[in-house]
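A.B. asks:
Protein chains: 2
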Amino acid sequence: MTKVNSPRRITIREVAAQAGVSAQTVSRVLNDHPDVAEHTRARVRAVIAQLGYLPNGIARSLVTQRSRLLGVVASGFQLFGPAQLLTGIEQQARELGWSVILQVADASTPQAYARVLAELAAQNVAGIIWAYPELHAERDRALRLRLQAPPIVFLSMAPQPGAATLNVDNRYGARLATEHLIARGYRHIGIITGPLTLWSAQQRMLGWQDALRANSRLPSERHVVEGDWTSAGGASCLRQLLKRIPKTDAVFVSNDQMALGALKAADQLGRRVPDDLGVVGFDDIPEAAFFKPALTTVRHDLLELGRLAVRELHRVYSGTPKRSTRNGHVARAPAATGGARERLTRHRR
Amino acid sequence: MTKVNSPRRITIREVAAQAGVSAQTVSRVLNDHPDVAEHTRARVRAVIAQLGYLPNGIARSLVTQRSRLLGVVASGFQLFGPAQLLTGIEQQARELGWSVILQVADASTPQAYARVLAELAAQNVAGIIWAYPELHAERDRALRLRLQAPPIVFLSMAPQPGAATLNVDNRYGARLATEHLIARGYRHIGIITGPLTLWSAQQRMLGWQDALRANSRLPSERHVVEGDWTSAGGASCLRQLLKRIPKTDAVFVSNDQMALGALKAADQLGRRVPDDLGVVGFDDIPEAAFFKPALTTVRHDLLELGRLAVRELHRVYSGTPKRSTRNGHVARAPAATGGARERLTRHRR
DNA sequence: GTGAAAGCGCTAACAC
DNA sequence: GTGTTAGCGCTTTCAC
Numbered sequence: 025m026t027k028v029n030s031p032r033r034i035t036i037r038e039v040a041a042q043a044g045v046s047a048q049t050v051s052r053v054l055n056d057h058p059d060v061a062e063h064t065r066a067r068v069r070a071v072i073a074q075l076g077y078l079p080n081g082i083a084r085s086l087v088t089q090r091s092r093l094l095g096v097v098a099s100g101f102q103l104f105g106p107a108q109l110l111t112g113i114e115q116q117a118r119e120l121g122w123s124v125i126l127q128v129a130d131a132s133t134p135q136a137y138a139r140v141l142a143e144l145a146a147q148n149v150a151g152i153i154w155a156y157p158e159l160h161a162e163r164d165r166a167l168r169l170r171l172q173a174p175p176i177v178f179l180s181m182a183p184q185p186g187a188a189t190l191n192v193d194n195r196y197g198a199r200l201a202t203e204h205l206i207a208r209g210y211r212h213i214g215i216i217t218g219p220l221t222l223w224s225a226q227q228r229m230l231g232w233q234d235a236l237r238a239n240s241r242l243p244s245e246r247h248v249v250e251g252d253w254t255s256a257g258g259a260s261c262l263r264q265l266l267k268r269i270p271k272t273d274a275v276f277v278s279n280d281q282m283a284l285g286a287l288k289a290a291d292q293l294g295r296r297v298p299d300d301l302g303v304v305g306f307d308d309i310p311e312a313a314f315f316k317p318a319l320t321t322v323r324h325d326l327l328e329l330g331r332l333a334v335r336e337l338h339r340v341y342s343g344t345p346k347r348s349t350r351n352g353h354v355a356r357a358p359a360a361t362g363g364a365r366e367r368l369t370r371h372r373r
Numbered sequence: 025m026t027k028v029n030s031p032r033r034i035t036i037r038e039v040a041a042q043a044g045v046s047a048q049t050v051s052r053v054l055n056d057h058p059d060v061a062e063h064t065r066a067r068v069r070a071v072i073a074q075l076g077y078l079p080n081g082i083a084r085s086l087v088t089q090r091s092r093l094l095g096v097v098a099s100g101f102q103l104f105g106p107a108q109l110l111t112g113i114e115q116q117a118r119e120l121g122w123s124v125i126l127q128v129a130d131a132s133t134p135q136a137y138a139r140v141l142a143e144l145a146a147q148n149v150a151g152i153i154w155a156y157p158e159l160h161a162e163r164d165r166a167l168r169l170r171l172q173a174p175p176i177v178f179l180s181m182a183p184q185p186g187a188a189t190l191n192v193d194n195r196y197g198a199r200l201a202t203e204h205l206i207a208r209g210y211r212h213i214g215i216i217t218g219p220l221t222l223w224s225a226q227q228r229m230l231g232w233q234d235a236l237r238a239n240s241r242l243p244s245e246r247h248v249v250e251g252d253w254t255s256a257g258g259a260s261c262l263r264q265l266l267k268r269i270p271k272t273d274a275v276f277v278s279n280d281q282m283a284l285g286a287l288k289a290a291d292q293l294g295r296r297v298p299d300d301l302g303v304v305g306f307d308d309i310p311e312a313a314f315f316k317p318a319l320t321t322v323r324h325d326l327l328e329l330g331r332l333a334v335r336e337l338h339r340v341y342s343g344t345p346k347r348s349t350r351n352g353h354v355a356r357a358p359a360a361t362g363g364a365r366e367r368l369t370r371h372r373r
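Those sequence lines, one after another, are chains A and B. One point on numbering: in this note's numbering, the residue at position 96 of the first sequence is 120, and numbering is uninterrupted. One point on numbering: in this note's numbering, the residue at position 220 of the second sequence is 244, and numbering is uninterrupted.
1. Using a C-beta to C-beta distance shorter than 7 Å, which residues of chain B count as neighbours of VAL128(A)?
2. Is the beta carbon of LEU314(A) less than 8 Å from the beta carbon of ALA201(A)?
3. At the 8 Å Cβ level, is ILE125(A) part of the contact set with chain B, yes or no?
4. Determine the closest residue to ALA43(A) out of ARG335(A), VAL68(A), LEU54(A), VAL60(A), with distance taken between C-alpha atoms.
5. Which stretch, first to last residue, makes up the beta strand (DSSP E) that contains ALA290(A)?
6. What does GLY218(B) touch in chain A if you count any residue whose Cβ is under 8 Å from its own?
7. Where do the N-terminal and C-terminal ends of the beta strand (DSSP E) with ARG370(B) fall, by residue?
8. Within 8 Å (strictly less), CB to CB, does PHE314(A) reach chain B?
9. Relative to the C-alpha of LYS271(A), which residue among LEU222(A), HIS212(A), SER46(A) is closest?
10. Just verifying my parser: in three-state terms, what is the DSSP assignment at ILE36(A)?
11. Should HIS57(B) be labelled buried (16 or more other beta-carbon atoms within 10 Å of its own) or exposed?
12. Span of the alpha helix (DSSP H) holding SER99(B)?
13. GLU114(A) to PRO185(B), Cα distance in whole Å?
14. Is the Cβ of ASP299(A) closer than 8 Å to any Cβ of chain B?
15. Say whether the region 281 to 291 of chain A touches the region 247 to 260 of chain A, bearing in mind that this needs 3 or more beta-carbon pairs closer than 8 Å, one atom from each stretch.
16. Could you compute how far the alpha carbon of ALA207(B) sits from the alpha carbon of GLY151(B)?
17. If the criterion is Cβ atoms closer than 8 Å, does the pair LEU110(B) and VAL334(B) meet it?
18. If you measure from the beta carbon of GLU203(B) to each beta carbon in chain A, is any gap under 8 Å?
19. Could I get the ranges of all uninterrupted beta strand (DSSP E) runs contained in the region 242 to 278 of chain B, with 3 residues as the minimum, in chain order?
20. Helix, strand or coil for ARG139(B) per DSSP?
21. Measuring only the C-alpha atoms, how far is MET181(A) from TYR137(A)?
22. Mind checking GLN281(A): buried by the 16 CB within 10 Å criterion, or exposed?
23. In chain order, what residues of the same chain lie with their CB nearer than 7 Å to the CB of LEU54(A), ignoring the 5 residues before and after it?
24. Assess, as a yes-or-no matter, whether the region 292 to 310 of chain B is touched by the region 237 to 248 of chain B under the definition of 3 or more beta carbon pairs within less than 8 Å.
25. Just confirm the distance between the C-beta atoms of PHE101(A) and ALA129(B), as a whole number of angstroms; I'd bet it's less than 8 Å.
26. Any heavy atom of the ligand SAM inside 7 Å of the beta-carbon of ARG211(B)?
27. For ASP325(A), decide whether its Cβ has a neighbour in chain B, counting only Cβ atoms nearer than 8 Å.
28. Could you spell out the range, first to last residue, of the beta strand (DSSP E) harbouring LEU126(A)?
29. Going by CA-CA distance only, name the one from PRO175(B), PRO219(B), GLY218(B), TRP154(B) that's closest to ASN191(B).
30. In chain order, which beta strand (DSSP E) runs of at least 3 residues are fully inside the region 312 to 340 of chain B?
31. State the start and end residues of the unbroken alpha helix (DSSP H) segment that holds ILE215(B).
32. In terms of alpha-carbon separation, which member of SER342(B), ARG195(B), VAL87(B) lies closest to LEU230(B)?
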């Protein structure tokens with residue numbers, strides 16, 4: 025055990041004293057205010073470096089009523105999608121000089137919702153990215169609560185007037201995937217969906233329906249099996265589907281992890297992919313190219329979506345007046361789709 | 025576009041006025057101070073609920089010099105390991121009433137290091153979990169900087185006196201994996217490592233050496249290929265290894281994602297797994313059981329490691345006196361290994 | 001049991 | 001250009 029003395033943090037006043045100026049002048053130097061003589065500025069800078077002074081962001085935030093903190097609410101970060109979103113969010117935030125504070129909602133209850141919001145509001149965050157895709161009804165409440173809360177951008181949720189919502193075009197992507205199967209000559213195309221409480225999962229199902237209808241086929245509920253995003257789920261869903269409708273010769277799987285499970289199940293059932301069974305996934309995770317057989321899948325740019333959300337909040341926040349005069353921000357009409365268009369990726373072999 | 029008025033946040037004074045008491049009394053109620061009459065407490069609580077008052081954590085933090093913010097420094101959260109750690113950290117933090125603030129270091133430069141630390145110090149974090157596994161040399165600097173910084177726990181780095189370091193037993197796990205290959209009768213066992221700048225990757229290599237030596241075999245550098253944790257890297261490493269030493273009949277791959285790539289490369293080279301080539305991975309990602317063939321791998325409890333790190337910081341922080349009297353915390357001797365023991369997982373088929 | 005005063009570290013507003 | 005004063009929202013200290 026080593027005892028380490030950690031003396032009080034250096035304050036702006038100590039820097040001022042050491043440099044022989046007022047605290048105000050130090051503050052001006054810190055904030056790159058023009059009205060400081062060059063030699064004064066240099067001297068203050070020298071003292072700051074020498075003392076290793078670090079401005080107290082908390083005090084700053086309190087007086088300016090502004091913050092460089094961004095709240096991110098999600099259900100976790102272990103799945104590919106959320107991890108990708110978080111990565112994009114963090115990147116863009118860093119580039120804008122912001123930091124990210126995390127809130128993982130533990131359950132889909134209104135209480136959890138309120139707790140998360142209170143927690144973030146207490147930290148005086150500049151904005152919130154709501155990437156917890158459930159609680160559709162609760163969102164209204166949030167909008168009302170916003171009287172006390174910072175601007176919020178919702179990700180992967182149904183667009184709704186008055187709420188800023190950002191999405192990739194799940195529906196179009198799913199349609200692409202399904203049309204690929206149709207073009208390859210498959211006749212009986214099922215779908216393994218994500219949890220259908222999620223809007224994005226619903227959208228992918230609609231895209232599958234779109235493709236079938238556009239090709240004069242009737243999508244039926246019997247061809248739909250609801251999965252849970254996991255490989256284990258994907259495997260059991262495929263078994264279920266093939267048992268229910270043995271003549272199924274292709275399946276659109278709503279994410280790549282489930283697709284991996286489906287590939288495994290197909291193999292165990294003696295169905296060769298792609299000869300006996302066509303499989304297309306969604307996400308294009310880096311591993312998809314190394315599945316056996318390599319997975320054809322749809323890529324969407326979740327990274328860019330995250331970045332876009334941050335830029336949107338930054339834009340809104342920058343427009344918000346500071347201090348005393350702050351009286352509201354503008355909630356934009358939903359931006360329908362974010363960033364680049366989805367596209368089909370066929371990995372070789 | 026919808027214009028939303030967001031009036032100033034309710035303050036403690038407004039609550040006080042409404043309840044007909046002083047701000048002080050409201051503060052006492054907020055902090056569950058005993059010296060408040062029951063009926064006063066009830067009245068204040070009612071006003072708080074009615075007004076939807078949310079205490080300003082920033083102001084609180086400024087005056088108490090304490091915070092419920094935990095800084096996490098990492099290189100990203102897309103790989104399984106970091107995502108798992110973050111999940112554990114966030115869980116435990118939430119259970120203790122703390123929040124997590126993220127810092128992704130963009131490069132391994134001392135400047136980046138200083139920037140990250142300054143950023144977290146500015147937020148007055150209660151502690152820092154340093155899960156960015158490089159910059160071995162820079163760590164010393166951090167310890168000195170700690171004069172200005174909060175307590176730090178280092179994850180997945182070489183233990184060092186005076187620094188709190190937490191690790192899973194990578195070496196033992198790798199030994200387990202390699203011994204499994206030996207027990208199955210493989211003769212020429214290579215290794216695909218992680219980036220060898222990382223301590224954890226080095227440890228896994230040492231574990232592989234341990235197993236070979238314990239079985240009277242001589243590990244040689246020619247059997248070592250350095251990977252980058254990705255499937256693409258794993259595939260090319262295996263090709264390299266088999267080209268260099270064609271009689272190689274087994275390989276320990278230092279993470280499951282690279283192992284997937286190795287499985288793919290083996291297949292493409294016409295080497296059947298496990299008959300012609302034994303493969304064991306590391307991590308036990310949820311997908312490992314669905315690889316083809318299913319991957320035998322080593323599980324370690326990264327989630328618990330993250331939780332442990334938070335508890336350690338919480339313990340240290342709770343022992344730190346508040347306000348005026350704060351003068352240092354105790355840096356513990358390194359806790360060698362965290363949580364549960366690694367174990368080999370053989371997925372069927 | 002409750003209130004008044006002081007101040008955490010910083011910046012906005014206004015002097016000079 | 002630079003300093004002084006006041007105050008962000010809260011808790012601590014010390015009255016009563």
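Beta carbons: idealized from backbone N, C-alpha and C, even for Gly. Treat the numbers as computed from the prediction; the structure is a model and nothing was measured.
C.D. replies: The short version:
1. For the purposes of this step, residue 128(A) is taken as the residue at position 104 of the first sequence. Within chain B, the residues near VAL128(A) are GLU114, ARG118.
2. To locate residue 314(A), count along the first sequence from 1; it is residue 290. To locate residue 201(A), count along the first sequence from 1; it is residue 177. Checking the sequence shown, residue 314(A) turns out to be Phe, not Leu. The answer is no: Cβ separation not under 8 Å.
3. For the purposes of this step, residue 125(A) is taken as the residue at position 101 of the first sequence. ILE125(A) counts as touching chain B.
4. Counting from one through the first sequence, the residue named residue 43(A) turns up at place 19. Closest option to ALA43(A), Cα to Cα, is VAL68(A).
5. Residue numbering aside, residue 290(A) sits at position 266 when the first sequence is read from its first letter. Here ALA290(A) belongs to no beta strand (DSSP E); instead the alpha helix (DSSP H) covers 280 to 292.
6. The residue labelled residue 218(B) in the question sits at position 194 within the second sequence. Under the 8 Å cutoff, chain A gives no residues; its nearest Cβ is about 16 Å from GLY218(B).
7. By one-based count along the second sequence, residue 370(B) stands at place 346. Where ARG370(B) is concerned, the enclosing beta strand (DSSP E) stretches over 367 to 370.
8. On the first sequence, residue 314(A) is found 290 positions in, with the first residue counted as 1. At least one chain B Cβ lies under 8 Å of PHE314(A).
9. Taking the first residue of the first sequence as 1, we reach residue 271(A) at position 247. When each option's Cα is compared against that of LYS271(A), the closest is HIS212(A).
10. Position 12 of the first sequence, counted from the start, is the residue given in the question as residue 36(A). The answer is helix: DSSP assigns ILE36(A) an H, G or I state.
11. In the second sequence, residue 57(B) corresponds to position 33, counting from 1. The residue is exposed, with fewer than 16 neighbouring Cβ atoms inside 10 Å.
12. Locating residue 99(B) in the second sequence gives position 75, where the first residue counts as 1. Where SER99(B) is concerned, there is no enclosing alpha helix (DSSP H), given that its DSSP letter is neither H nor E.
13. By one-based count along the first sequence, residue 114(A) stands at place 90. By one-based count along the second sequence, residue 185(B) stands at place 161. Whole-angstrom Cα-Cα distance: 33 Å.
14. Position 275 of the first sequence holds residue 299(A). For ASP299(A), the closest Cβ of chain B is not nearer than 8 Å.
15. yes
16. Start at 1 with the first residue of the second sequence, and residue 207(B) comes out as number 183. Start at 1 with the first residue of the second sequence, and residue 151(B) comes out as number 127. Rounded to whole angstroms, ALA207(B) to GLY151(B) spans 45 Å at the Cα level.
17. Translated into positions along the second sequence, residue 110(B) becomes position 86. Translated into positions along the second sequence, residue 334(B) becomes position 310. Cβ distance not < 8 Å, so LEU110(B) and VAL334(B) don't count as in contact.
18. Within the second sequence, the letter at position 179 stands for residue 203(B). No, GLU203(B) does not count as interfacial toward chain A.
19. Along the length of the region 242 to 278 of chain B, whole beta strand (DSSP E) runs at least 3 residues long occupy 248 to 250, 274 to 277, reported in chain order.
20. Here residue 139(B) refers to the residue found at position 115 when the second sequence is read from its first residue. Here ARG139(B) sits in helix by DSSP.
21. Your numbering for residue 181(A) matches position 157 in the first sequence. Your numbering for residue 137(A) matches position 113 in the first sequence. The C-alpha of MET181(A) lies about 16 Å from the C-alpha of TYR137(A).
22. Numbered from its first residue, the first sequence carries residue 281(A) at position 257. GLN281(A) is buried by the Cβ-count criterion.
23. Counted from its first residue, the first sequence places residue 54(A) at position 30. Closer than 7 Å at Cβ, skipping near neighbours: PRO79.
24. The region 237 to 248 of chain B, when compared against the region 292 to 310 of chain B, does not touch it at the 8 Å Cβ threshold.
25. The residue you call residue 101(A) lines up with position 77 of the first sequence. The residue you call residue 129(B) lines up with position 105 of the second sequence. Not a contact, Cβ separation roughly 18 Å.
26. Looking at this structure, you won't find the ligand SAM or any other ligand, since it has none at all.
27. Taking the first residue of the first sequence as 1, we reach residue 325(A) at position 301. By this cut-off, ASP325(A) is not an interface position.
28. Taking the first sequence and counting its residues from 1, one reaches residue 126(A) at position 102. Residues 123 to 128.
29. Taking the first residue of the second sequence as position 1, residue 191(B) is located at position 167. Closest option to ASN191(B), Cα to Cα, is TRP154(B).
30. 320 to 323
31. If you number the second sequence from 1, residue 215(B) lands on position 191. No alpha helix (DSSP H) contains ILE215(B), which is instead part of the beta strand (DSSP E) from 213 to 217.
32. Start at 1 with the first residue of the second sequence, and residue 230(B) comes out as number 206. Comparing Cα-Cα distances from LEU230(B) to each of SER342(B), ARG195(B), VAL87(B), the minimum goes to ARG195(B).
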